[in-house]
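A.B. asks: Pasting a structure below so you can have a look.
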Amino acid sequence: MKKAFIYHHAEDYTLIMLSDGEGVCSVSIDENIKSCACIYNLSVEEKYRRIGYGNMLLEEAEKVARKLGANVVSLAAEKDKFTANWYKRKGYKPLFSDKEYITFYKSIENEDNQKQHYPL
Ligand SMILES: CC(C)(COP(=O)(O)OP(=O)(O)OC[C@H]1O[C@@H](n2cnc3c(N)ncnc32)[C@H](O)[C@@H]1OP(=O)(O)O)[C@@H](O)C(=O)NCCC(=O)NCCS
Numbered sequence: 004m005k006k007a008f009i010y011h012h013a014e015d016y017t018l019i020m021l022s023d024g025e026g027v028c029s030v031s032i033d034e035n036i037k038s039c040a041c042i043y044n045l046s047v048e049e050k051y052r053r054i055g056y057g058n059m060l061l062e063e064a065e066k067v068a069r070k071l072g073a074n075v076v077s078l079a080a081e082k083d084k085f086t087a088n089w090y091k092r093k094g095y096k097p098l099f100s101d102k103e104y105i106t107f108y109k110s111i112e113n114e115d116n117q118k119q120h121y122p123l
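Note that our numbering has the sequence shown beginning at 4, numbered continuously upward.
See the structure below:
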């Protein structure tokens with residue numbers, strides 16, 4: 004399935020939209036920890052769900068995060084929703100949880116990003 008993305012680059016986040024309005028998500032760099040990007044508001048129109056758009060948006064959000072210079076992405080999922088298992092299948096690791104939500108992270112390092120590392 005080939006689909007075009009539309010990007011809106013605001014000051015502190017990038018909005019990613021599927022070209023025909025089927026879905027949307029946003030990526031923002033953590034203001035303090037600039038190597039970490041947060042993915043928010045991943046959402047696909049109800050009538051277009053379960054045909055792969057969510058996966059496309061999530062993968063595109065990770066690409067955008069990499070371009071923004073992030074080495075890690077984080078996102079949150081409600082504990083009792085399928086999304087928590089989906090994120091695990093996509094390589095996300097649970098970081099912490101409260102009563103309702105699990106916060107996940109995933110390393111998205113590539114060669115360019117690794118060059119920015121400093122020895123401890
Ligand atoms: C979450 C959401 C964005 C997924 O979008 P989508 O276009 O349906 O996703 P996809 O078709 O790409 O499916 C993604 C994965 O989730 C699984 N999935 C999707 N809907 C599911 C459901 N209702 N129950 C169980 N699994 C489901 C798919 O099988 C797929 O798994 P796979 O990649 O291992 O094969 C969409 O359901 C949505 O907008 N929900 C409301 C908003 C929301 O909850 N956002 C998430 C915030 S944490």
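For glycine and all other residues, C-beta sits at the position ideal for the given N, C-alpha and C.
Does the segment 67-81 come close enough to the segment 47-59 to have 3 or more Cβ pairs within less than 8 Å?
C.D. replies: No contact exists between the segment 67-81 and the segment 47-59.
A.B. asks: Let me make sure I understand the geometry here. Which of ALA73, TYR108, LYS93 has the alpha-carbon closest to that of ASN35?
C.D. replies: It is ALA73.
A.B. asks: Report buried or exposed for ALA13, applying the criterion of at least 16 other Cβ atoms within 10 angstroms of its Cβ.
C.D. replies: The residue is exposed, with fewer than 16 neighbouring Cβ atoms inside 10 Å.
A.B. asks: Flag MET59 as yes when its Cβ comes closer than 8 Å to any non-hydrogen atom of ligand 1, and as no otherwise.
C.D. replies: Yes, the Cβ of MET59 comes within 8 Å of a heavy atom of ligand 1.
A.B. asks: Let's test the definition: count the other Cβ atoms within 10 Å of the Cβ of GLU62 and tell me whether it reaches 16, buried, or not, exposed.
C.D. replies: GLU62 should be labelled exposed.
A.B. asks: Answer yes or no: the CB of SER46 versus the heavy atoms of ligand 1, is any distance below 8 Å?
C.D. replies: Flag set: Cβ of SER46 near ligand 1.
A.B. asks: According to DSSP, TYR90 sits in a beta bridge with which residue or residues?
C.D. replies: Paired residue(s): none; TYR90 is not in a bridge.
A.B. asks: Less than 9 Å between the beta carbons of ILE9 and SER29, yes or no?
C.D. replies: For ILE9 and SER29, no; Cβs fall outside 9 Å.
A.B. asks: Rounded to the nearest angstrom, what separates ALA68 and SER31 at their Cα positions?
C.D. replies: The straight-line gap from Cα to Cα measures roughly 8 Å.
A.B. asks: Could you check which residue in ILE111, PHE99, GLU65, GLY94 has the C-alpha nearest to that of TYR43?
C.D. replies: Of the listed residues, the one whose Cα sits closest to TYR43 is GLU65.
A.B. asks: Comparing alpha-carbon positions, which option in ASP15, TYR108, HIS11 lies nearest LYS93?
C.D. replies: It is TYR108 whose Cα lies nearest to the Cα of LYS93.
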